[in-house]
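Student: Before we start, here is the structure in question, set down as structure tokens.
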Amino acid sequence: MLNKREIKIKSQWLNENKNMLRLTKEINAFFKCPDECDRQCCRGGIPPMMLFEFNDINAIKNKERLSISEKFDKNTIRVVNLGKPCVFLSDGKTCSIYDKRPVSCETYPFALKNDEIKDAHFDYVTLAPCPVGIEIMKSHLTERITLSHVAKLQGHESPELEEQIKRITQQYELMKNIGLGTTENIPKEINYYVFEEQLLMQLLVGLHLKNGNMKRAEEEMKKIGALTRRRDKR
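Structure (structure tokens):
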């Protein structure tokens, strides 16, 4: 069990990152891992995790105990890679600690990032080039192209949006090539595409609209408006 200090750290961490966690989970819910993927994300060992997650997992009875191999800071650690696939992947298909799995597993293919590793607040996410990650990037590209078309119909040209579409297209092609194992001559400067909070919210709006859920799209647009107003006051 977690001690009082760890419970406080966990509560604070979850609160500070609640919207980013919500967005990644809700977006992921629109996509399904294809059968041919065969749990590849679980076959690459155990991901970095928060110290409170490490202690949560080690408190589970009759489960493989983890050991720390590296500390990034006082709260973030990497565990000893006990082998591939992940030791908690039962029968090659099922996560035996699903309810206690690390956030990095829960949000995959999104990876929570910030510029200061000691900062507990995550500012943006990147996407892994797995089948679902590729489909998410494709949906993001479609949403941005649609937004561009609407803007043009209203007589508003946006060079910034067109440049963004160009970068997303490059990233989408890059991710497809990585998925196919053909990464030769890929420019290093487009290895990662950054999704900040508002961009994730706009992607979620597009997914709701695509699925005909106008009510959820409108709710998310209101949240975008509230976020914009908060930032304008800073």
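Counting from 308, one number per residue, gives the positions in the sequence shown under the working numbering.
Think of the CB as a built atom: it goes at the ideal place given N, C-alpha and C, for glycine as much as any other residue.
Predicted model, so just to flag it, every value in this text is computed and none were measured.
Measure the C-alpha to C-alpha separation of residue 395 and residue 402 and round it to an integer number of angstroms.
Tutor: Cα to Cα, the separation comes out at about 6 Å.
Student: Who are the near neighbours of residue 309 in its chain, counting only those whose CB is closer than 8 Å to its CB and skipping five residues on each side?
Tutor: Taken in chain order, the residues that qualify are 317, 359, 362, 363 and 366.
Student: Count the other CB atoms within 10 Å of the CB of residue 414; is the residue buried (16 or more) or exposed (fewer)?
Tutor: By the neighbour-count rule (16 or more Cβ atoms within 10 Å), residue 414 is buried.
Student: Of all the alpha helix (DSSP H) runs that stay within the bounds of the segment 407-453, which reach a length of 4 or more residues?
Tutor: Within the segment 407-453, the complete alpha helix (DSSP H) runs of at least 4 residues are 410-413.
Student: Residue 401 bridges to which residues according to DSSP?
Tutor: Beta-bridge pairing links residue 401 to 397.
Student: Report all residues from its chain with a CB closer than 8 Å to the CB of residue 465; omit the five preceding and five following residues, and keep chain order.
Tutor: Only 455 and 458 meet the Cβ criterion.
Student: Taking Cβ to Cβ, would you say residue 469 is nearer than 7 Å to residue 513?
Tutor: Not a contact, by the Cβ cut-off of 7 Å.
Student: Going by beta carbon distance, what residues of the same chain come within less than 6 Å of residue 341, once the five residues before and after it are set aside?
Tutor: Excluding sequence neighbours, residue 341 sits near 438.
Student: Ends of the alpha helix (DSSP H) at residue 334?
Tutor: Residues 325-335.
Student: Give the range of the alpha helix (DSSP H) segment to which residue 461 is assigned.
Tutor: Counting along the chain, residue 461 falls outside any alpha helix (DSSP H), and DSSP gives it neither H nor E.
Student: Alpha carbons only, please: which of 408, 348 and 419 is nearest the one belonging to residue 430?
Tutor: If we check each option's Cα against that of residue 430, 419 comes out closest.
Student: Taking just the CA atoms, how far does residue 333 sit from residue 452?
Tutor: Computed Cα separation, rounded: 22 Å.
Student: Which word fits residue 408, buried or exposed, when buried means at least 16 other C-beta atoms lie within 10 angstroms of its C-beta?
Tutor: Classification of residue 408: buried, given that the 10 Å Cβ count is 16 or more.
Student: With distances taken Cα to Cα, identify the nearest neighbour of residue 483 among 441, 336, 521 and 511.
Tutor: Looking at the Cα atoms, 441 is the closest of the given residues.
Student: Which residues bound the alpha helix (DSSP H) around residue 367?
Tutor: Element bounds for residue 367: n/a, residue is neither H nor E.
Student: How big is the Cα-Cα spacing for residue 343 and residue 393?
Tutor: For residue 343 and residue 393, the distance between alpha carbons rounds to 18 Å.
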